[in-house]
Ligand code: XMP
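In the numbering used here, the protein residues as written are 2 to 321.
Given below as structure tokens:
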């Protein structure tokens, strides 16, 4: 049983001191590696790890081919300014080949997990001699996995999986007692800029969590383009998280007087504190119309744009 530290009771400075010490003690005079995606959780872990280990922490950004437009450059540039060098590791072929032909959501999540931890990190850890992987698992990830709702890509121990046996390295999870609001407080106290600690959550399986049906480079490209529009138009709403989803079913539409049996994009925008429950944001209809207008204008082949109005539960935030 993990003891939760709520955002209210959290003393960020005290928490940082404690975690820095724990990381130092665990790694000793060895080296560690961590994956940075640029989200709040992995950015916070990166800063904690660098405080504890300095140059003995190797930070990598895995280019899995499933990230948002321009993401690797944004993240590496930003961390360079914070004094952290981030290495970009290109693994997009491994991920797309592991996802090929898979449509079941849990099989997709499993393919991501195995590619990430066994193949890509297994290789990196072996090559670097590091014995530890630092990662930003938070309590909500564990809850949903243990409850069998969805397998979060980064949960092992609570499922009875020993990463050392399975992949050959230990996993250190400094944020495991926190939820998103607590992580934001710690990230801020570590000197991350607001554009990082206030950033909307983005899942480990990245855009593949937003493609219903098979994940292919083309379908990821479609959802990536829609994401760019949705994030640009909803960024000032103050919502917890917003996203575009690509559906599998096609529907009959029309374009320039011709039948167009096209694709559907679903837009979701959530009000939430910690992602455990959420309600759809009551967006002004004008904003929704603008989102639809820009998507159909910029993306030929999309003939339907819908907005989800179902709360979590029974919905979940992501679609896969
Ligand atoms: P759901 O879809 O379960 O999402 O309601 C709750 C929150 O968790 C994020 N999410 C993930 N984060 N690995 C992660 O690190 C995952 O596999 C994963 N799946 C969902 C999601 O974006 C939301 O903020």
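Beta carbons are placed, not taken as given, at the ideal position from N, Cα and C, and that holds for glycine.
- Residue state for residue 265 is assigned as strand, using DSSP reduced to three classes.
- The closest heavy atom of ligand 1 lies less than 8 Å from the beta carbon of residue 317.
- Contact annotation: residue 197 and residue 79 have beta-carbon atoms nearer than 9 Å.
- Burial check for residue 133: the Cβ neighbour count within 10 Å reaches 16 or more, so the residue is buried.
- The bridge partners DSSP lists for residue 59 are 34.
- Per DSSP, the beta bridge partners of residue 253 are 262.
- Considering only 262, 165, 66, 110, the residue with the shortest C-alpha distance to residue 149 is 110.
- The criterion of a C-beta distance shorter than 9 Å is not satisfied by residue 76 and residue 136.
- Secondary structure note for residue 44: its alpha helix (DSSP H) is the uninterrupted segment 41–54.
- Residue 40 sits away from residue 57, with the two beta carbons spaced by 9 Å or more.
- In the DSSP assignment, residue 129 is bridged to no other residue.
- Per the C-alpha coordinates, the member of 219, 201, 62 positioned closest to residue 272 is 201.
- In the three-state reduction of the DSSP assignment, residue 64 falls in the strand class.
- Considered as a whole, the stretch 190–219 harbours 195–198 as its complete alpha helix (DSSP H) runs of no fewer than 4 residues, in chain order.
- The C-alpha of residue 9 is placed about 26 Å away from the C-alpha of residue 51.
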